[in-house]
Structure formats: structure tokens, C-alpha cells
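Q:
Chains as they are written, first to last, in the numbering used here: chain A, 490 to 554; chain B, 326 to 540; chain C, 6 to 57.
(1) Looking at the C-beta of residue 426(B), does it have a partner C-beta in chain C at a distance below 8 Å?
(2) Using a cut-off of 7 Å between C-beta atoms, extract the partners of residue 531(A) located in chain B.
(3) Kindly identify the DSSP beta-bridge partner or partners of residue 401(B).
(4) So is residue 350(B) buried or exposed if we call it buried at 16+ other beta carbons inside 10 Å?
(5) Does the beta carbon of residue 469(B) fall short of 7 Å from some heavy atom of the ligand MG?
(6) With 16 as the cutoff for other CB atoms within 10 Å, does residue 508(A) come out buried or exposed?
(7) Tell me the residue span of the beta strand (DSSP E) that contains residue 451(B).
(8) Name, in chain order, the residues that DSSP records as bridge partners for residue 471(B).
(9) What's the gap between the Cα of residue 32(C) and the Cα of residue 380(B)?
(10) So is residue 29(C) in contact with chain B if we call contact Cβ pairs under 8 Å?
(11) How long is the line joining the alpha carbons of residue 514(A) and residue 484(B), rounded to whole angstroms?
(12) Determine whether the beta carbon atoms of residue 386(B) and residue 433(B) lie at a separation below 8 Å.
(13) Let me know if residue 378(B) comes out buried or exposed under the rule of 16 or more other beta-carbons within 10 Å of its beta-carbon.
(14) Anything in chain B within Cβ reach of residue 543(A), meaning under 9 Å, just list it in chain order.
(15) With distance defined between alpha-carbon atoms, name the residue in 450(B), 417(B), 455(B), 441(B) nearest to residue 26(C).
(16) Counting contacts by CB-CB distance shorter than 8 Å, is residue 536(A) in contact with chain B?
(17) For chain C, check one thing: does any of its Cβ atoms lie closer than 8 Å to the Cβ of residue 383(B)?
(18) Which residue marks the beginning of the alpha helix (DSSP H) containing residue 437(B), and which one marks its end?
(19) For residue 439(B), I'd like the list of residues in its chain whose CB is within less than 6 Å of its CB, leaving aside the five on either flank, ordered along the chain.
(20) Just verifying my parser: in three-state terms, what is the DSSP assignment at residue 424(B)?
(21) Does the stretch 463 to 473 of chain B touch the stretch 525 to 532 of chain A, meaning 3 or more C-beta pairs lie closer than 8 Å?
(22) So is residue 420(B) buried or exposed if we call it buried at 16+ other beta carbons inside 10 Å?
(23) For residue 542(A), does the count of other Cβ atoms within 10 angstroms reach 16, so buried, or fall short, so exposed?
(24) Do residue 355(B) and residue 493(B) have their C-beta atoms closer together than 8 Å?
(25) Grouping DSSP H, G and I as helix and E and B as strand, with all else coil, what is residue 493(B)?
(26) Indicate whether residue 444(B) and residue 352(B) have their beta-carbon atoms separated by less than 8 Å.
(27) Are the CB atoms of residue 501(A) and residue 391(B) within a distance shorter than 8 Å?
(28) How is the alpha helix (DSSP H) around residue 536(A) delimited, first residue to last?
(29) Can you grab the Cα-Cα spacing for the pair residue 41(C) / residue 358(B), in whole Å?
(30) May I ask you to list the residues that DSSP assigns as paired with residue 476(B)?
(31) Is there at least one Cβ from chain C nearer than 8 Å to residue 506(B)'s Cβ?
(32) Which residues, taken in chain order from the stretch 424 to 448 of chain B, show a beta carbon closer than 9 Å to some beta carbon of chain C?
Written out as C-alpha cells, the structure is:
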């Protein structure tokens, strides 16, 4: 487009959508599944950590506030 | 009411900045000094981004053909220049939502999403951006290492989970899991809907189904 | 460089209202649709335009 003497316009990389709708949706689905899984695991991790802290508090009265 | 056409004035007034602050700072400072200077020096900033307001900025935004921070000889992308312009203009919430929710211009959507991530509060960010994770249109990314392809959903995910995107250090926000745990955010409804309950447990099974194009 | 119109000569720019933004976007959309009708799905032309 002429600014900053830009010669490489990345023409080899085509961002046209819906060239292969089935494949495009399928690859999105995989990405979304990975995200959902990651979110679940993160939440479970936080819950586990909190339970662990509560468990220790219950065991050791010294740690109670 | 009017904007100054040149963002520099907002910065040279050290200690006298009276504009709106985000996360307690002058929004222009969200972009590191060295990158700000490269933006000011770039031809795109001087010729294409000068004198824009939130309406005429659209002329430039719909012409975007890629996202990214700096490329080749540490030049700022037009995308980065327009992000910086938005930080200068600070359009109201409704205007940003018009940008974001327009279905026709995907690079405009990416621009608005980035701005929201930089300037809004955490729960607002998740609530506003997550619904767009069902948008799997392609986005070209240009970086120091050349070109690559991403997707709107992946870009949004990066904004929500990474510390640095497009060469900008994003303001720190709590993770979704932390906010959920603190009951500040409802669990995210996956855009896969009910499919996720049965299929989410087995990625291998899902992969098989997806490649045969089940729908 | 038709974009460097009079507005670029001044120090101040009028702040856009929501209505101005919505209107501008609608106009850009119409313009793109018109361009799309002229060169419908003609990849060669699209590439030529991009290279311009």
C-alpha cells in the first residue's frame, strides 16, 4: 500500500474465509475444546489448592486465625 | 469538544496530564517509550493516522490486512499505530462496542478487542470478549519473524491469557479461573454447547469426528 | 493522499459522536459491497488490487 517502502505484503498468506467451511469449523472446534479443557483444569487446580489450605488449617489449630 | 491532532502533546505535558486514566496511568504509557517513538517516526502514523477521530479512524481500520506489533526493522504495524491512536482518542464504550460487534470487518473487531483488553476492567473484559471466541475467521499476523496465520478466536484467547500480545505488555488482570473461584464471574458457556459434555472428555474421539466433518 | 484533507492542517479534530461512527461504518460497508459487486469472486483482480 505504499507506506514505509513496504515491499513484502505477505501475499502468500491468504486470509479469505469460507474457502473450506467444514475444515475451518472443525479446526476451530479443536481449539475450543483445548480451551475448555484448560479452563476446567485451571479451576480445578485453584479449588484443590484451597481445599488443601483448609485441610491443613483444620488439622493444625496453630494455623487458625 | 476536540482532540489534539497530535498525540505528543498529551505526553510532553509531564505531570499535567488531565485526561482519563486506565489502571491508574495515562493510557498512552501502556505502550513502551521506544515503541511510541517508532510509531511517531513511522510514515503510517504521520500520513494515515494524523487528524483522525473515532469515525474517520474507521476508514483506516477497514483497510487493515494484518495485525501485529513490530515487523522487519522494528517498524510498527498500522494495527499498532491505530491501537495507539485509539489510546489517544479514548472513544466511549458504545463506540468501541460498535467497532467490536460489527460482523463485516474482522480486523476492526481485532482492533476493538485489543483496545478493550488494554483499558477495561477484568470482568468486563471477559464478559465482552469471550462471546467472540466463536468467530473463527482468519487473521494475518505480521511480526519480526515474518508472517503467520491466526484466527479471531485464537487472538481473543491470547488477549485473555497471555502477558504480551503484539509487542505490548498487557495490563495485569486476574485469570478467569480466579474470578470464577471468587464468584466474580460465571463459568464460561462454551460455544460448543452441549457437545462439550459428551465429547470434551475424549479429544481423540473428537478429532476423529471432526476430520470426517460431522455436523 | 486524498485523506490528508483540510482536517490534517489543523491542530484540533472534532470528537466523533456515536451517530457519526455508526453512519461512517454503514457508509464504508455500502462502499465495500459496491466494490464487491463489480469484481465478484475474481481472485486475480483481488490480488491485483491488493498489490496496488
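Where is the CB? At the ideal position from N, CA and C, for every residue including glycine.
A: Taking the geometry as given:
(1) no
(2) 500, 502
(3) 395(B)
(4) exposed
(5) With respect to small molecules bound, the structure shown includes none, and the ligand MG cannot be examined in it.
(6) exposed
(7) Counting along the chain, residue 451(B) falls outside any beta strand (DSSP E), though it belongs to the alpha helix (DSSP H) covering 447 to 454.
(8) 468(B)
(9) 11 Å
(10) yes
(11) 21 Å
(12) yes
(13) buried
(14) Correct list: empty, because the minimum Cβ distance to chain B is about 13 Å.
(15) 417(B)
(16) yes
(17) yes
(18) 431 to 444
(19) 408
(20) helix
(21) no
(22) buried
(23) exposed
(24) yes
(25) strand
(26) yes
(27) no
(28) 510 to 548
(29) 41 Å
(30) 463(B)
(31) no
(32) 424, 427, 429, 430, 433
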